[in-house]
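Novice: Protein chains in written order, with numbering that gives the first Met the number 0: chain A, 0 to 274; chain B, 0 to 365. All C-beta atoms in this analysis are idealised placements derived from N, C-alpha and C, irrespective of residue type, glycine included. If you're wondering where the values come from, they're calculated on a predicted model, not measured in any experiment.
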Amino acid sequence: MNTATIDTARGTSENGILYPSKVMLDLSKLKKVYPTPKGDYVVLEDLDLQIMKEEFVTIIGHSGCGKTTMLSMIAGLNPISGGNIAVLGNPVKGPGPDRGVIFQSPSLMPWMTALQNVLLGVNQVFSHATKAQRKDIAKYYLHKVGLDGAFNKKASELSQGMQQRVGIARAFAIKPKVLLLDEPFGMLDSLTRGELQDILIEIWNKEKITAVMITHDVDEAIFLADRVVMMTSGPRAKIGDILNIDFQRPRTRKSVLDHPDYYTYRKHLIDFLEH
Amino acid sequence: MEQEIILKKDRQPFSFVKPLVAKLTPKFNRGDLLGSLKKTGITVISILLFIGLWHWGAKALYDVEADYKIEKALTERGAEAAAAERACIASGDSSCQPNTLPSPSQVWASLQSLIADHKIIKADKAAFVEKMAATNAKLTAKGKDPIVYTGRASFIDIVFTSIRTVFAGFLLALLIAVPIGIIIGLSAPLRSAFNWFIQVFKPVSPVVWYLLVFMIVKTLYIGDSTDNAFVISFISVGLCAMWATLVNTAMGVSSVDKDYINVAKVLKLGTFQKVFKVILPSSLPLIFTGLRITLSVAWMVLIAIELLAQSQGLGLFVWEEFQNGANDSNSKIIVAMFVIGIIGFLLDRFMLTVQNMVSFNKNEAV
Numbered sequence: 000m001n002t003a004t005i006d007t008a009r010g011t012s013e014n015g016i017l018y019p020s021k022v023m024l025d026l027s028k029l030k031k032v033y034p035t036p037k038g039d040y041v042v043l044e045d046l047d048l049q050i051m052k053e054e055f056v057t058i059i060g061h062s063g064c065g066k067t068t069m070l071s072m073i074a075g076l077n078p079i080s081g082g083n084i085a086v087l088g089n090p091v092k093g094p095g096p097d098r099g100v101i102f103q104s105p106s107l108m109p110w111m112t113a114l115q116n117v118l119l120g121v122n123q124v125f126s127h128a129t130k131a132q133r134k135d136i137a138k139y140y141l142h143k144v145g146l147d148g149a150f151n152k153k154a155s156e157l158s159q160g161m162q163q164r165v166g167i168a169r170a171f172a173i174k175p176k177v178l179l180l181d182e183p184f185g186m187l188d189s190l191t192r193g194e195l196q197d198i199l200i201e202i203w204n205k206e207k208i209t210a211v212m213i214t215h216d217v218d219e220a221i222f223l224a225d226r227v228v229m230m231t232s233g234p235r236a237k238i239g240d241i242l243n244i245d246f247q248r249p250r251t252r253k254s255v256l257d258h259p260d261y262y263t264y265r266k267h268l269i270d271f272l273e274h
Numbered sequence: 000m001e002q003e004i005i006l007k008k009d010r011q012p013f014s015f016v017k018p019l020v021a022k023l024t025p026k027f028n029r030g031d032l033l034g035s036l037k038k039t040g041i042t043v044i045s046i047l048l049f050i051g052l053w054h055w056g057a058k059a060l061y062d063v064e065a066d067y068k069i070e071k072a073l074t075e076r077g078a079e080a081a082a083a084e085r086a087c088i089a090s091g092d093s094s095c096q097p098n099t100l101p102s103p104s105q106v107w108a109s110l111q112s113l114i115a116d117h118k119i120i121k122a123d124k125a126a127f128v129e130k131m132a133a134t135n136a137k138l139t140a141k142g143k144d145p146i147v148y149t150g151r152a153s154f155i156d157i158v159f160t161s162i163r164t165v166f167a168g169f170l171l172a173l174l175i176a177v178p179i180g181i182i183i184g185l186s187a188p189l190r191s192a193f194n195w196f197i198q199v200f201k202p203v204s205p206v207v208w209y210l211l212v213f214m215i216v217k218t219l220y221i222g223d224s225t226d227n228a229f230v231i232s233f234i235s236v237g238l239c240a241m242w243a244t245l246v247n248t249a250m251g252v253s254s255v256d257k258d259y260i261n262v263a264k265v266l267k268l269g270t271f272q273k274v275f276k277v278i279l280p281s282s283l284p285l286i287f288t289g290l291r292i293t294l295s296v297a298w299m300v301l302i303a304i305e306l307l308a309q310s311q312g313l314g315l316f317v318w319e320e321f322q323n324g325a326n327d328s329n330s331k332i333i334v335a336m337f338v339i340g341i342i343g344f345l346l347d348r349f350m351l352t353v354q355n356m357v358s359f360n361k362n363e364a365v
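(1) Would Phe169 (chain B) count as contacting chain A if we go by Cβ distances under 9 Å?
(2) Please confirm if Lys264 (chain B) has its CB atom under 9 Å from at least one CB of chain A.
(3) Helix, strand or coil for Pro234 (chain A)? Go by DSSP, reduced to three states.
(4) Any beta carbon of chain A sitting closer than 9 Å to that of Asn323 (chain B)?
(5) Taking the alpha carbon of Leu43 (chain A) as the reference point, which residue from A:Gly65, A:Gln103, A:Ile202, A:Pro175 has its own alpha carbon closest?
(6) Which same chain residues, not among the five before or five after Leu107 (chain A), have their C-beta less than 6 Å away from its C-beta?
(7) Near Met350 (chain B), what residues of its chain come up, given a Cβ to Cβ distance below 6 Å and the 5 sequence neighbours on each side ignored?
(8) By the three-class DSSP mapping on this structure, what secondary structure does Asn243 (chain A) have?
(9) In terms of residue numbering, what span does the alpha helix (DSSP H) encompassing Ile84 (chain A) cover?
(10) Taking the alpha-carbon positions, what's the Ser126 (chain A) to Asp97 (chain A) distance?
(11) Assuming the contact rule is C-beta atoms closer than 8 Å, Leu87 (chain A) and Val211 (chain A) should be a hit. Round their C-beta distance to whole Å, please.
(12) Counting only runs of 4+ residues fully inside the region 31-110 of chain A, write out the alpha helix (DSSP H) ranges in chain order.
(13) Is Phe229 (chain B) buried or exposed, if buried means 16 or more other CB atoms sit within 10 Å of its CB?
(14) Round the Cβ separation of Leu178 (chain A) and Ile136 (chain A) to the nearest angstrom and send it over; I've been treating them as touching at under 8 Å.
(15) Straight-line CA distance for Leu157 (chain A) to Pro103 (chain B)?
(16) Would you mind telling me which residues of chain A sit closer than 8 Å to Phe359 (chain B), beta carbon to beta carbon, in chain order?
(17) For Arg164 (chain A), decide whether its Cβ has a neighbour in chain B, counting only Cβ atoms nearer than 9 Å.
(18) Reducing DSSP to helix, strand and coil, say where Lys153 (chain A) ends up.
(19) Going by other Cβ atoms of all chains shown within 10 Å of its Cβ, with 16 needed for buried, is Ser27 (chain A) buried or exposed?
(20) Could you tell me which chain B residues have their CB closer than 8 Å to the CB of Phe102 (chain A), listed as they occur along the chain?
(21) Can you pull the chain A residues whose beta carbon is under 7 Å from the beta carbon of Lys380 (chain B), in chain order?
(22) Look at the alpha carbon of Asn323 (chain B) and the alpha carbon of Leu313 (chain B), and state the distance between them as a whole number of angstroms.
(23) Name, please, each residue of chain A whose Cβ falls closer than 8 Å to the Cβ of Leu268 (chain B).
(24) What's the gap between the Cα of Arg163 (chain B) and the Cα of Pro101 (chain B)?
(25) Where does the unbroken beta strand (DSSP E) through Leu178 (chain A) begin, and where does it stop?
(26) For Ile333 (chain B), I'd like the list of residues in its chain whose CB is within less than 7 Å of its CB, leaving aside the five on either flank, ordered along the chain.
(27) How close, in whole Å, do the beta carbons of Ala170 (chain A) and Gly99 (chain A) come, if the pair is a contact with beta carbons under 8 Å?
(28) What are the start and end residues of the beta strand (DSSP E) that includes Ala210 (chain A)?
(29) Can you list the residues of chain A that Pro178 (chain B) reaches, using a CB-CB cut of under 9 Å?
(30) Quick check: the Cα distance between Lys71 (chain B) and Ala81 (chain B), rounded to an integer number of angstroms?
(31) Answer yes or no: does any C-beta atom of chain A fall closer than 9 Å to that of Gln272 (chain B)?
(32) With a threshold of 8 Å on Cβ separation, who are the neighbours of Ile146 (chain B) within its own chain once the five nearest residues in sequence on each side are excluded?
(33) Would you mind telling me which residues of chain B sit closer than 9 Å to Leu76 (chain A), beta carbon to beta carbon, in chain order?
(34) In three-state terms, what does DSSP make of Asp25 (chain A)?
(35) How is Thr129 (chain A) classed by DSSP in three states: helix, strand or coil?
(36) Could you check whether Gln123 (chain A) and Leu268 (chain B) sit closer than 9 Å to each other, using their CB atoms as the reference points?
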């Protein structure tokens with residue numbers, strides 16, 4: 000079991016001193032402008048954010064504030080209007096498998112089986128591996144998300160929750176440097192959501208892939224994150240506040256809920272959102 | 000509500016068989032059995048009603064035509080001739096029967112006579128082949144063409160010629176429209192380049208397509224006239240019918256769910272992988288919808304084109320019977336009409352089955 004704590008995972012961003020080698024994802028002076036007939040609409044402006052290696056960051060903010068825009072810019076699916084995004088110092092130029100994405104809707108190919116969906120990415124990234132090895136990788140991650148019996152089920156036959164499990168397996172299986180999660184559990188009922196949070200964090204504890212996740216759920220934000228980034232409402236949205244979550248990892252839901260700081264964190268986030 | 004029922008029914012191929020099957024297999028669910036009995040019952044009743052209306056309408060038309068004939072005899076040739084005409088019509092003599100919409104029983108009789116005729120021709124053909132076997136063997140030994148049967152075609156032969164023409168045309172449409180559709184679906188500039196072409200040629204009538212194909216084939220392909228007619232008709236059918244597939248394929252390929260495209264982008268799939276693993280499978284349902292429309296259009300334009308091309312199919316059969324004007328010509332035309340309708344219906348059901356097979360829920364092949 001990985002017992003690394005958040006203190007080693009995180010840089011000392013509070014003091015403004017950064018260890019460059021520890022920065023995985025660097026957003027600087029990021030800007031996004033959508034031209035409209037009535038003039039330019041500035042979604043994001045002067046957005047600075049550094050995310051460390053092996054850090055789990057959740058981003059919270061009101062609907063329409065530009066969270067998803069920011070995430071898709073990191074993914075390379077949406078062009079940058081100004082500023083920079085760099086992964087390990089290399090500027091982002093378009094999408095690539097070093098940044099895995101878990102979309103809000105599972106976005107599985109419905110005509111493929113669960114295994115084929117995961118293999119689609121694995122074949123691409125591990126093209127040097129043998130067919131059997133690639134299959135083993137895909138199966139391993141499907142096993143990790145608890146889909147042992149559903150390898151050969153068509154994606155369209157799976158429930159929404161199971162589809163998102165495949166989505167998680169697909170993202171982890173390509174071993175990205177950064178994992179981008181765009182409200183992956185937003186469409187699920189609360190029971191399924193809890194299950195998937197547990198699965199996500201269990202795999203994450205093992206793989207420690209730097210993760211950026213958008214969420215609307217305050218409890219989810221606290222439970223999963225090392226840092227919760229609060230974004231101001233748009234237009235011209237930027238980082239409003241950052242909250243460090245100093246819980247030990249691995250965490251359990253109960254230990255988090257029982258922790259005396261939990262309600263302080265929660266109040267902090269809700270105060271920000273209601274402000 | 001009614002709309003919904005029709006739509007539901009439409010999604011299930013051979014749904015009309017189900018009630019029959021349900022009737023034949025013992026079922027213990029009373030509600031189900033009653034439901035399917037009711038469904039079959041309604042179909043049977045509507046068919047009977049249709050035949051009844053037809054019978055009644057044909058009889059009314061027959062009476063009108065008969066009265067007119069008697070009236071005409073009266074004014075032109077006097078009372079005696081009118082009485083003779085009336086007696087002749089009443090006796091059922093074929094020489095003076097009113098020529099109008101045939102009744103269901105006449106059509107049924109024509110169908111049986113066509114089938115009987117087919118048996119005679121088949122026997123003739125077999126006899127001919129047997130008779131010529133020795134001669135043909137000698138001819139082939141000498142390196143000459145064997146003598147083949149050139150008697151008239153039976154109704155069944157004619158139906159098969161039509162089906163063959165439609166399938167050849169459909170295949171041609173598929174081979175042209177699907178690849179072009181994929182290519183223009185993938186590229187927006189090509190789509191604009193082709194757009195005027197599609198918009199201009201799509202509404203062109205089958206007759207004009209026939210003439211165009213005739214001009215070209217006549218110059219390029221010099222076979223005997225039967226072959227020529229077949230080639231011209233299947234090419235015309237294909238060109239008329241391919242547009243639905245072309246437009247649907249282009250639309251399916253160009254409107255793939257953005258999520259799938261994003262996944263392909265994130266995984267950095269190559270063009271080949273992207274097209275064959277993501278874009279094509281996701282547009283298959285639309286492509287098959289297009290193919291289904293193409294097949295039904297092909298069957299519809301076939302009749303007109305066969306007529307023009309003098310191809311030995313149902314179109315020519317209908318036209319020749321009309322020109323022929325024999326006593327049973329009208330009922331033979333109605334027989335052909337039903338055969339055309341039923342085959343068209345079966346072709347559509349077949350395509351619907353295939354279409355359902357490739358829809359995502361049941362798709363087996365990737």
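Specialist: In short, the structure shows the following:
(1) Residue mapping note: residue 169 (chain B) aligns to position 170 of the second sequence, counting from 1. With 9 Å as the cut-off, Phe169 (chain B) does not count as an interface residue toward chain A.
(2) Taking the second sequence and counting its residues from 1, one reaches residue 264 (chain B) at position 265. Output row for Lys264 (chain B): interface = yes.
(3) For the purposes of this step, residue 234 (chain A) is taken as the residue at position 235 of the first sequence. The answer is coil: DSSP assigns Pro234 (chain A) none of H, G, I, E or B.
(4) The residue you call residue 323 (chain B) lines up with position 324 of the second sequence. It does not: the Cβ of Asn323 (chain B) has no partner Cβ on chain A nearer than 9 Å.
(5) Along the first sequence, read from residue 1 onward, the residue named residue 43 (chain A) stands at position 44. Closest by alpha carbon: A:Gly65.
(6) Locating residue 107 (chain A) in the first sequence gives position 108, where the first residue counts as 1. Within the same chain, Leu107 (chain A) has close Cβ partners Asn116, Ala154, Gln162, Val165.
(7) Your numbering for residue 350 (chain B) matches position 351 in the second sequence. Cβ within range, chain order: Arg291, Leu294.
(8) One-based indexing of the first sequence puts residue 243 (chain A) at position 244. It is a strand residue.
(9) Translated into the one-based positions of the first sequence, residue 84 (chain A) becomes position 85. Not the alpha helix (DSSP H): Ile84 (chain A) falls in the beta strand (DSSP E), residues 81-86.
(10) As a working mapping, residue 126 (chain A) is identified with position 127 in the first sequence. As a working mapping, residue 97 (chain A) is identified with position 98 in the first sequence. If I take the Cα positions, the gap works out to 15 Å.
(11) As a working note, residue 87 (chain A) is residue 88 in the first sequence. As a working note, residue 211 (chain A) is residue 212 in the first sequence. Not confirmed; about 15 Å, so no contact.
(12) 66-74
(13) The residue labelled residue 229 (chain B) in the question sits at position 230 within the second sequence. Buried, since its Cβ has 16 or more Cβ neighbours within 10 Å.
(14) The residue you call residue 178 (chain A) lines up with position 179 of the first sequence. The residue you call residue 136 (chain A) lines up with position 137 of the first sequence. Between Ile136 (chain A) and Leu178 (chain A) the Cβ distance is about 16 Å, and since that is not below 8 Å, they are no contact.
(15) For this step, residue 157 (chain A) is matched to residue 158 along the first sequence. For this step, residue 103 (chain B) is matched to residue 104 along the second sequence. Roughly 53 Å separates the two Cα atoms.
(16) Counting from one through the second sequence, the residue named residue 359 (chain B) turns up at place 360. By Cβ distance, chain A contributes Pro109, Trp110, Lys153, Ser155.
(17) Taking the first sequence and counting its residues from 1, one reaches residue 164 (chain A) at position 165. Cβ-Cβ to chain B under 9 Å: no for Arg164 (chain A).
(18) By one-based count along the first sequence, residue 153 (chain A) stands at place 154. Lys153 (chain A) falls in the strand class under three-state DSSP.
(19) For this step, residue 27 (chain A) is matched to residue 28 along the first sequence. Ser27 (chain A) is exposed by the Cβ-count criterion.
(20) Along the first sequence, read from residue 1 onward, the residue named residue 102 (chain A) stands at position 103. Chain B residues near Phe102 (chain A): Asp258, Asn261, Val262.
(21) Outside the displayed span of chain B (0 to 365) sits residue 380 (chain B), for which this structure offers no information.
(22) In the second sequence, counting from the first residue as 1, residue 323 (chain B) sits at position 324. In the second sequence, counting from the first residue as 1, residue 313 (chain B) sits at position 314. About 15 Å.
(23) Against the second sequence, residue 268 (chain B) aligns to sequence position 269. By Cβ distance, chain A contributes Leu119, Gln123.
(24) In the second sequence, residue 163 (chain B) corresponds to position 164, counting from 1. In the second sequence, residue 101 (chain B) corresponds to position 102, counting from 1. In a straight line, the C-alpha of Arg163 (chain B) is about 29 Å away from that of Pro101 (chain B).
(25) As a position in the first sequence, residue 178 (chain A) is number 179, starting the count at 1. Taken as a continuous stretch (DSSP letters only), the beta strand (DSSP E) holding Leu178 (chain A) covers 177-181.
(26) Counting from one through the second sequence, the residue named residue 333 (chain B) turns up at place 334. Closer than 7 Å at the Cβ level, and outside the excluded window around Ile333 (chain B), lie Pro101, Val106.
(27) Position 171 of the first sequence, counting from 1, holds the residue named residue 170 (chain A). Position 100 of the first sequence, counting from 1, holds the residue named residue 99 (chain A). Indeed they touch by this definition, with Cβ atoms about 4 Å apart.
(28) Translated into positions along the first sequence, residue 210 (chain A) becomes position 211. DSSP places Ala210 (chain A) inside the beta strand (DSSP E), whose first and last residues are 209-213.
(29) Working through the second sequence from its first residue, we reach residue 178 (chain B) at position 179. What Pro178 (chain B) touches in chain A: nothing, since even the nearest Cβ is about 21 Å away.
(30) Your numbering for residue 71 (chain B) matches position 72 in the second sequence. Your numbering for residue 81 (chain B) matches position 82 in the second sequence. Their backbone Cα atoms lie some 8 Å apart in a straight line.
(31) Taking the first residue of the second sequence as position 1, residue 272 (chain B) is located at position 273. So yes, Gln272 (chain B) belongs to the interface.
(32) On the second sequence, residue 146 (chain B) is found 147 positions in, with the first residue counted as 1. Hits under 8 Å: Met131, Thr134, Asn135, Leu138.
(33) Translated into the one-based positions of the first sequence, residue 76 (chain A) becomes position 77. What Leu76 (chain A) touches in chain B, judged by beta-carbon distance under 9 Å, is Asn261, Lys264, Val265, going in chain order.
(34) Residue numbering aside, residue 25 (chain A) sits at position 26 when the first sequence is read from its first letter. Residue state, collapsed to three classes: strand.
(35) Here residue 129 (chain A) refers to the residue found at position 130 of the first sequence. Residue state, collapsed to three classes: coil.
(36) Looking up residue 268 (chain B) in the second sequence gives position 269. Looking up residue 123 (chain A) in the first sequence gives position 124. A contact, by the Cβ cut-off of 9 Å.
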